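I have placed the structure first, in the form of structure tokens, so that the comments after it can refer back to it.
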Amino acid sequence: MADENDGQNQNDPREDDSHIWGMVGIVVGGVLAFKVLSAMGVRENEDLTLVEIVTCVALLFAPVYVLTRAGEHLRKDVEAGKSTTATYWTTMAGLSISALTLAGVTSIDDLIGLIK
Numbered sequence: 147m148a149d150e151n152d153g154q155n156q157n158d159p160r161e162d163d164s165h166i167w168g169m170v171g172i173v174v175g176g177v178l179a180f181k182v183l184s185a186m187g188v189r190e191n192e193d194l195t196l197v198e199i200v201t202c203v204a205l206l207f208a209p210v211y212v213l214t215r216a217g218e219h220l221r222k223d224v225e226a227g228k229s230t231t232a233t234y235w236t237t238m239a240g241l242s243i244s245a246l247t248l249a250g251v252t253s254i255d256d257l258i259g260l261i262k
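Throughout, this note's numbering is defined as the position within the sequence shown, counted from one, plus 146.
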């Protein structure tokens, strides 16, 4: 006997896609933290001060928080019927691309350059 919820789960507009926005946020935050610490004069083998650590953590996790919260709000609009799933994905992709661009990442080469 099939579970009644099986059909609902397959068509449920609520998907757990916050991990996607979290990963984009980590990339954006990592780039920001790297660039700001570099601008502050921090070098590879130096110990970080408390201010530098707090700055790094804040810059790393702020984009994660912002993008996941935006995704949650937009997902609630989809669930309420105020928006479509296509609009959700288009908006979140636009926000992600804008965040990466503002952080200075316009291609994969930019990320590879930062890693080197």
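In this text, a Cβ means the ideal position worked out from N, Cα and C, and glycines have one as well.
These numbers were taken from a predicted model, which means no experiment stands behind them.
Where does residue i fall in DSSP's three states?
i: residue 197; result: helix
i: residue 253; result: coil
i: residue 237; result: helix
i: residue 218; result: helix
i: residue 163; result: coil
In whole angstroms, what is the alpha-carbon distance linking residue i and residue j?
i: residue 159; j: residue 220; result: Confidence at residue 159 is low in this model, with a pLDDT of 46, below 50, so the placement of that residue is unreliable and no value is reported for it.
i: residue 224; j: residue 166; result: 17 Å
i: residue 239; j: residue 190; result: 33 Å
i: residue 227; j: residue 237; result: 16 Å
Can you find the residues in the same chain that come closer than 7 Å, C-beta to C-beta, to residue i, ignoring five residues on each side of it along the sequence?
i: residue 182; result: 201, 205
i: residue 176; result: 206
Report all residues from its chain with a CB closer than 8 Å to the CB of residue i; omit the five preceding and five following residues, and keep chain order.
i: residue 151; result: With a pLDDT of 46 at residue 151, under the threshold of 50, the predicted position of this residue should be treated as unreliable, and no value is reported.
Original post:
Is the stretch 200-208 touching the stretch 227-246, taking contact as three or more C-beta pairs under 8 Å?
Top reply: Note that the stretch 200-208 does not touch the stretch 227-246; fewer than 3 beta-carbon pairs, one per stretch, sit closer than 8 Å.
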